[in-house]
Each structure stands twice: as structure tokens, then as C-alpha cells.
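Written out below as C-alpha cells is the structure these notes cover.
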Amino acid sequence: MGSIIDEILSGEKINCHDETHYRYYVILFWSPSDIRGIRIAGYFSSRKREFQDKGLNVIGIMVPETEPEKKREYINGVLRDYEIDICSVIDSDLYLWAYFNNQFLPNVIIMDDHDNMLEESSGSDNIGSVEEMID
Numbered sequence: 143m144g145s146i147i148d149e150i151l152s153g154e155k156i157n158c159h160d161e162t163h164y165r166y167y168v169i170l171f172w173s174p175s176d177i178r179g180i181r182i183a184g185y186f187s188s189r190k191r192e193f194q195d196k197g198l199n200v201i202g203i204m205v206p207e208t209e210p211e212k213k214r215e216y217i218n219g220v221l222r223d224y225e226i227d228i229c230s231v232i233d234s235d236l237y238l239w240a241y242f243n244n245q246f247l248p249n250v251i252i253m254d255d256h257d258n259m260l261e262e263s264s265g266s267d268n269i270g271s272v273e274e275m276i277d
């Protein structure tokens, strides 16, 4: 487990279990009020199911844009309603946003288990590269 994953998982977690024994991590910054974010979170939820046995994990960093989005109940509802099965961290104070010097929603960062950033893409561009990296 790398220190960056520790840093991410130090926040308020939802639907997280043992998130630390994977080879690759997709770090997804997204907002539950943005349909693009919901779609890309759903996409990576299905990729996690498909490639988890090859060492892929997905951690969603929820960036609240409204007061309701800061509440666990609201986030749980979004995850349930859209069948998104990823570990999620609520970044209400934008600490992780600043830590990663993030500027976009949604934003995808692919890392390995040694804290190396392998790729970053904003929006829904290049999401197929996840499959290439873990095959």
C-alpha cells in the first residue's frame, strides 16, 4: 500500500473494505450531481468487477457541489440508485482536490501500488486505457 492511497482513505469513507492490496488504482474525482460523473463512475464500477482479480481497484473521491452531497445518506442513495460499487471518499473540505492539484470534474488518475501516477485524463476521454494497462 502506498502513502497516497493511505492519504485518500483517511477521509470519510463509504462502501470501503480492504482497499489496499491491489496493483492498480483508478482514482476518480466526481460529483454525484453531474451526469458525466455518474456515467463514468458506473463505467469504472463495471471495470472494477471485471478486472478486480487482475489487481484493479477503483476509489471515487466525491467532490460535493451542494450541501446535500456532503451527507452520507445522499451519497449512499446515488451509489445504490445507479448501482455504482466503488469505495468512495467524501472530500467536503477539498483537501484531496488540492493534494492532487485537481482542476476538472470528472477526472481520472491511474496509479500503481508504488504511488506512481501512470495516467491522468479529464472528462470521459481515454477511459479505455485502463483495460490496456491491466491486461
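For what it's worth, my numbering labels the leading residue of the sequence shown as 143, then goes sequentially.
By construction, the Cβ of each residue, glycine as well, lies at the ideal position given by its N, Cα and C atoms.
For this session: Indicate the three-state DSSP secondary structure (helix, strand or coil) for serine 188 in the structure shown.
Result: Three-state result, serine 188: helix.
For this session: Flag this pair as touching only if the stretch 239-246 and the stretch 206-217 have three or more C-beta atom pairs under 8 angstroms; answer yes or no.
Result: Two segments are said to touch when three or more pairs of C-beta atoms, one from each, lie closer than 8 angstroms; by this definition the stretch 239-246 does not touch the stretch 206-217.
Exercise. So, using beta-carbon positions, are glycine 197 and tyrosine 164 closer together than 8 angstroms?
Worked result: It is a contact, given that the beta carbons lie within the stated cut-off.
Exercise. Considering only residues of the same chain and omitting the five flanking positions on each side of serine 264, which have a CB-CB separation below 6 angstroms?
Worked result: Scanning its chain for C-beta atoms nearer than 6 angstroms, with the 5 sequence neighbours on each side dropped, one finds around serine 264 the residues Phe246, Asn249, in chain order.
Exercise. What's the C-alpha gap between cysteine 158 and tyrosine 185?
Worked result: Distance between cysteine 158 and tyrosine 185, taken at the CA atoms: about 18 angstroms.
Exercise. Quick one, are the C-beta atoms of isoleucine 232 and methionine 259 less than 8 angstroms apart?
Worked result: With contacts defined by Cβ atoms closer than 8 angstroms, isoleucine 232 and methionine 259 do not form a contacting pair.
Problem set entry | CB-CB length for isoleucine 150 against isoleucine 169, believed under 8 angstroms | That belief holds up - the Cβ atoms of isoleucine 150 and isoleucine 169 are roughly 7 angstroms apart, short of 8 angstroms.
Exercise. Do aspartate 254 and tyrosine 166 come within 8 angstroms of each other at the CB atom, strictly closer than that value?
Worked result: Yes, they are a contact pair.
Exercise. Looking at the unbroken beta strand (DSSP E) that takes in valine 231, where does it start and where does it end?
Worked result: Its beta strand (DSSP E) spans residues 229-232.
For this session: Please state whether DSSP places aspartate 254 in a helix, a strand or coil.
Result: Of the three classes helix, strand and coil, the one that applies to aspartate 254 here is strand, per DSSP.
Exercise. How many Å lie between tryptophan 172 and aspartate 195 at the Cα?
Worked result: Going from the Cα of tryptophan 172 to the Cα of aspartate 195 covers about 25 angstroms.
For this session: For isoleucine 146, count neighbouring Cβ atoms within 10 angstroms of its own Cβ and tell me buried if that reaches 16, exposed if not.
Result: Flag for isoleucine 146 reads buried.
Problem set entry | leucine 102, DSSP secondary structure in three states | In this structure the chain extends from 143 to 277, so residue 102 is not present and cannot be described.
Problem set entry | Nearest-angstrom Cα separation, counted from serine 230 out to tyrosine 237 | Answer to the nearest angstrom: the Cα atoms are 15 angstroms apart.
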